[in-house]
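Single-structure report; data block below.
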Amino acid sequence: MYCIAEDCSFGWTPFGVECFKFFSQTVDWVRAEKNCQSLDANLASVRSKAQNEFLMSLVPVNTRVWIGGHDAEMEKQWLWTDGSPFDYTNWCKTQPDNYKASEHCLEISYTDKRCWNDQTCTTTKGYICARDRI
Numbered sequence: 001m002y003c004i005a006e007d008c009s010f011g012w013t014p015f016g017v018e019c020f021k022f023f024s025q026t027v028d029w030v031r032a033e034k035n036c037q038s039l040d041a042n043l044a045s046v047r048s049k050a051q052n053e054f055l056m057s058l059v060p061v062n063t064r065v066w067i068g069g070h071d072a073e074m075e076k077q078w079l080w081t082d083g084s085p086f087d088y089t090n091w092c093k094t095q096p097d098n099y100k101a102s103e104h105c106l107e108i109s110y111t112d113k114r115c116w117n118d119q120t121c122t123t124t125k126g127y128i129c130a131r132d133r134i
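Heads up, the final residue of the sequence shown is numbered 134 in the UniProt record's numbering, and it's a clean run with no missing numbers.
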């Protein structure tokens with residue numbers, strides 16, 4: 001007997017063992033994570049260059065969005081909200097810089113290079129949620 005993994009729910013896009021969805025509604029980082037949790041998901045974590053490129057494909061050009069990285073617990077100790085290891089990065093040059101000692105949340109698609117930036121968590125923007133396949 002073979003077990004076939006089901007696809008993602010309508011509106012979610014599969015990549016690896018997870019499903020992802022971009023939300024254009026602009027909210028702050030904490031609200032974005034809570035919105036994801038209400039869908040049995042978390043803000044997306046990124047584990048590889050291929051996954052980072054996949055996430056960029058979900059987001060309109062010139063649109064900056066939240067993903068699940070933060071260093072709110074300890075400065076320069078970046079964590080993912082889903083608890084996975086923070087072992088891949090795509091920081092923009094000179095980032096993260098913790099500008100004015102107030103940037104503790106991670107946005108992607110920053111500048112035309114579509115790299116990562118630390119940002120003030122109260123800034124509002126769209127976001128990407130990730131959850132395990134059904």
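Each residue gets a CB set at the ideal place from its N, CA and C atoms; glycine is no exception.
Do you know offhand how far Thr122's Cα is from Val61's?
Roughly 22 Å separates the two Cα atoms.
To the nearest angstrom, how far is the alpha carbon of Thr120 from that of Ser9?
Each residue's alpha carbon lies about 32 Å from the other.
Check whether the region 91-99 and the region 40-49 touch, using three or more Cβ-Cβ pairs below 8 Å as the test.
Too few Cβ pairs lie closer than 8 Å, so no.
For Arg47, does the three-state DSSP call read helix, strand or coil?
Note: Arg47 maps to coil in three-state DSSP.
Can you name the start and end residues of the alpha helix (DSSP H) that Ser93 belongs to?
In the sequence as presented, Ser is not what sits at residue 93; that position holds Lys. Run containing Lys93: none; DSSP gives neither H nor E here.
Which one or two residues does DSSP pair with Ala32 in a beta bridge?
Partner(s): none; Ala32 has no beta bridge.
Go ahead and pull the three-state DSSP assignment for Gln37.
Gln37 falls in the helix class under three-state DSSP.
Closest to Ile67 by C-alpha separation, out of Trp12, Ile108, Cys92, would be which residue?
The option with the nearest alpha carbon to Ile67 is Ile108.
On the DSSP bridge list, what partners appear for Gln77?
None; Gln77 has no bridge partner.
Hey, is Asp132 close to the ligand COA, as in C-beta under 8 Å from one of its heavy atoms?
Questions concerning the ligand COA fall outside what the structure shown contains, since it holds no ligand whatsoever.
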